[in-house]
Amino acid sequence: MSMARKRQGVTPSSRRKFVKIAGAAGVAGLAGCSGDSGSANGDSGGTTTLQYWTLFAGGDGEAMKTLVDRFNEEHDSVQIERQRQPFDEYYDKLFTSMTGGDAPDLAVFHTPQIQRFTDALTPIGGMLSDGAADEYVNSIWQETEFGGDRLAVPLDTHPNGLYYNKDIFEEAGLDPESPPTNFEELKSAADTITAETDKQAFSPDPYLRFFVRQFIAWQNGRGGEFLNEDNTEAAFGDDNGVALAQFYHDITNEWGWDRADSTDDRGTKAFRSGDLAMTINGTWYYGVLEEQDFGWGMAKPFVAPGQSAPQTWANSHTLGVPNSSSNQEAAVEAAEWITQNSLEWGTEAGHLPAAQTVLDSDDLRGSNVWEKTLSTFSDMAQNDELSYMPSTENNENYTRPVNNAISQIYSGQLDPEEGIKQAATDVTNNLQG
Amino acid sequence: MATKDTGSILSRLPRVEAVDSETRDGVLFALPYLLVFSVFLLYPLLKGLYMSLFDWNAFNPAQSEFILAENYVRMLGDPAFWAAVRATALFVVLTVPTLVGLGLALALGVNQDIKGKRFLRTVFFSPYVLTVSVVSLIWAEMYAPQYGPINYYLELIMSNPPAWLNSFTFAMPAVALATIWWTVGFNFVILLAARQGVSERLYEAARIDGASTWRAFKDITLPQMRPAIVFVTTVQLIASFQVFGQVFIMTNGGPGNSTQTLVMYLFRVAFRQQEFGYAAAIGYFLFVVLVGVSLINYKFVGGSD
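Chains as they are written, first to last, in this note's numbering: chain X, 373 to 805; chain F, 805 to 1109.
Next up, the structure:
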């Protein structure tokens, strides 16, 4: 009965009307979707407000807040609105915002990520103040240029170091002022710690998911290569890569320096709780470790086997301006200001500033962080001992296979030689796919 | 003649108006849903199909290159895609039968005349109100190797308990177990309602005829609850094929790619590799599989209506 009524109601003419109305509604809905981001620019009453996205948490977050607050105090016509995004989702969110035309005016990029965003970033070379290039440490400045375009200004460089717990060294009867400087010394120290204490001795990556970072540096340090010259093929499936894979395997499965378990962040939890003697991590660890109640030190992480030309991993934070920004000039000015007034970025967050004057300043060189870590990092930078990650169209093409392989080698679920060679094949396929 | 004609026209007029106002009301009532449907479902569905035929340039869509079925061809030859299909299938096999079976068992159990019935009903359903991130974080901590409660107690009786979420063997079962704990309450509630809808007279008659409990279950409970069981199974199949949040948070697809399911692979292809066209093709594969599985389920298991 009700069915019959319904059928009766839908005459051809009413169906046409219905389609028309629904169609119009649909079009209206879609038009709403495309949005008009231009209406939401930051100009209001002569003050330009810049949306600035960062991924900094903890000590980094505090230091960046200090810089931005200082910028806002010293400027009237331009104000920065800082938005912190979660580290793990940062580039996904940034990418989505850029494809949606709703990107911030200014954003933090790690150097190897810039290439991925080339099409969505503004070349800012012409907007920088005169002689800007001379204001930055030359090697870092070079690392942040792509295909002749200046797409970002560098804030820092943040290399890896070997962090160690002095209390555990003492407990094991080792000299807490003599951290290992090469593989033989590492072996001797870690074996002693394993024998004399109930602590874990050494983990090459406290997060147990970023193995690729130091692997690249150690591969270079052995005189090997990670990728071939034009980044189209993996080169780490050679004897050097296999020897390193064996090293990762032996740490857990042979020498018992750490558990054969690559669960995320296990190492950093253990190091912070004083259960791990040595690990390799970036500059930012300074801020974390200053809050712990054990003695700690830092040394050059040249402790893998066969380091004839030692290298450590390094990366840079840079500031770039998405080309959808309607405040590009102001954003470039702000980027320059932040990177050139970055003292706290060194003294509080522990990074090596990219601004030459800040790096050379007495304020930095007389600080606690300089004595604890930065002098060593600076030394490695001056000796050209920093290995940056190769820039490819999409770095996940090589980071994921290598991290996966080493993670499984480390946890004893994959044969080292077979695993690293398979990873090399996968990386080559990805790069050429 | 003429009078009659006029009369019939006049008599028809109000009816035509009535139809029109009825249509207008119908359209007005349907409009809010149609709007939402068009914008959030129909449009993305068609746009996805369109994108899957392109080498899509996310930053400059206008520069996308039309490549017809190349994304689909690539998909069939992509080992990572097939690994994701296998991982997804494993997850479906580990979760769907248990979720439906356990849901049914709990529903029948609580339907008995037992003490604490209401309490149990709340207990079984309560995890379902949590969000996927909360559930995943709780279970990630439960499974944590050195500091997690599961391994803490296991270490009292064994020397080296597995690192659950980092083991090829245990990672997917561990995620499946968390998922079962989380969502079985939904099936339970639906099936309990269905069981309560079965007339007690049928059981009474069966008892009088001397039917065993098993016989009553097989010939009364199951057939009577069939529509609800099919519904629950279908919903569960769809949910399990689309699993994303749990693996994303608990394992990030690892170890290796052993827990990288289809939707997770799709996410990575789209947002990490920036290949929206290829991701859309993978999405369409999943769409076709889900429609197929649902149809089969309704056709062969669903029976009438």
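Glycine included, C-beta positions come from ideal geometry on N, C-alpha and C.
query, result
"Thinking C-beta only, is X:Thr655 closer than 7 angstroms to X:Pro673?", "no"
"Give the range of the alpha helix (DSSP H) segment to which F:Ile1100 is assigned.", "Phe1080 to Ile1100"
"So for X:Val450, helix, strand or coil by DSSP?", "strand"
"Compare the C-beta of F:Gly1049 with all C-beta atoms of chain X and state if any pair is closer than 7 angstroms.", "no"
"CB-CB under 8 angstroms to F:Val896, same chain, minus the five flanking residues each way: which ones, in chain order?", "Leu1041, Ser1044 and Phe1045"
"From X:Tyr782, X:Arg581, X:Asp539 and X:Ala475, pick the residue whose C-alpha is nearest to that of X:Thr771; which is it?", "X:Arg581"
"Bridge partners of X:Asp528, per DSSP?", "X:Pro725"
"Can you find a C-beta in chain F that's less than 7 angstroms from the C-beta of X:Asn766?", "yes"
"Below 8 angstroms between beta carbons is the criterion; list the residues of the segment 962 to 990 of chain F that meet it against any residue of chain X, in chain order.", "Ala967, Leu969, Asn970, Ser971 and Phe972"
"Check the Cβ of F:Gln1078 against every Cβ in chain X and list those closer than 8 angstroms, keeping chain order.", "Phe467, Arg488 and Asn766"
"Run through chain F and tell me which residues come within less than 9 angstroms of X:Ser779, C-beta to C-beta.", "Asn970, Gly1058, Pro1059 and Gly1060"
"Please state the DSSP three-state secondary structure of X:Tyr770.", "helix"
"Identify, in the order they occur along the chain, each residue of the same chain with its Cβ nearer than 8 angstroms to the Cβ of X:Phe518, setting aside the five sequence neighbours on each side.", "Ile486, Gln487, Thr490 and Ser763"
"Please confirm whether F:Ala1085 has its beta-carbon closer than 7 angstroms to some beta-carbon of chain X.", "no"
"May I ask you to list, following chain order, the residues of the segment 1009 to 1040 of chain F that have a beta carbon less than 8 angstroms from some beta carbon of chain X?", "none"
"With a cut-off of 7 angstroms, does the C-beta of X:Ala403 fall near any C-beta of chain F?", "Low confidence applies here, because X:Ala403 scores a pLDDT of 36, under 50, leaving its location unreliable; read the following figure in that light. No, no contact with chain F."
"Run the CB neighbour count on X:Asp636, radius 10 Å, all protein chains shown included, and call it buried at 16 or more, exposed below.", "buried"
"Determine whether the beta carbon atoms of X:Lys538 and X:Gly669 lie at a separation below 7 angstroms.", "yes"
"So is X:Asn603 in contact with chain F if we call contact Cβ pairs under 7 angstroms?", "no"
"Applying the criterion that 16 or more other CB atoms from any shown protein chain within 10 Å of the CB defines a buried residue, is X:Asp432 buried or exposed?", "buried"
"What do you reckon, are the CB atoms on X:Ser697 and X:Asp441 nearer than 7 angstroms?", "no"
"Identify every run of the beta strand (DSSP E) within the segment 621 to 659 of chain X, keeping only runs that are complete inside it and at least 3 residues long; order them along the chain.", "648 to 654"
"According to DSSP, is F:Met962 part of a helix, a strand, or is it coil?", "coil"
"Got a sec? Which residues, its chain only, sit under 6 angstroms from X:Ser469 by beta carbon, not counting five neighbours each side?", "Ala475"
"Taking the straight line between their C-alpha atoms, what separation do you get for X:Ala642 and X:Leu648?", "5 angstroms"
"In chain F, which residues lie less than 8 angstroms from X:Asp698 when you measure between Cβ atoms?", "Looking at the sequence provided, one finds Ser at residue 698 of chain X rather than Asp. Per Cβ cutoff of 8 angstroms: no residues; X:Ser698 is ~17 angstroms from chain F at best."
"Pull up the DSSP beta-bridge partners for F:Phe858, would you.", "F:Phe870"
"Compare the C-beta of X:Asp787 against all C-beta atoms of chain F and say whether one is closer than 7 angstroms.", "no"
"Going by DSSP in three states, X:Glu517 sits in which element: helix, strand or coil?", "strand"
"If the criterion is Cβ atoms closer than 7 angstroms, does the pair X:Ala435 and X:Glu705 meet it?", "no"
"Which chain X residues are close to F:Gln950, counting only those with a beta carbon under 9 angstroms from its beta carbon?", "Arg631, Asp633, Thr635, Arg638, Lys641, Ala642 and Asp647"
"To the nearest angstrom, how far is it from the Cα of X:Gly404 to the Cα of F:Tyr847?", "The pLDDT assigned to X:Gly404 is 34, lower than 50, so where the model puts this residue is not dependable; a value taken from the coordinates is nonetheless given after this. Roughly 13 angstroms separates the two Cα atoms."
"Is the Cβ of X:Thr471 closer than 7 angstroms to any Cβ of chain A?", "Included in the structure are the protein chains X and F, with no chain A among them."
"Any contact between the segment 1063 to 1076 of chain F and the segment 1084 to 1098 of chain F? By contact I mean 3 or more CB pairs, one from each, below 8 angstroms.", "yes"
"Thinking C-alpha only, which one of F:Thr987, F:Gly830, F:Leu996 and F:Leu924 is nearest F:Ile1033?", "F:Leu996"
"With a threshold of 6 angstroms, establish whether the CB of X:Gly609 neighbours any heavy atom of the ligand FMN.", "Of the ligands one can find in the structure shown there are none, so the ligand FMN has no counterpart to examine."
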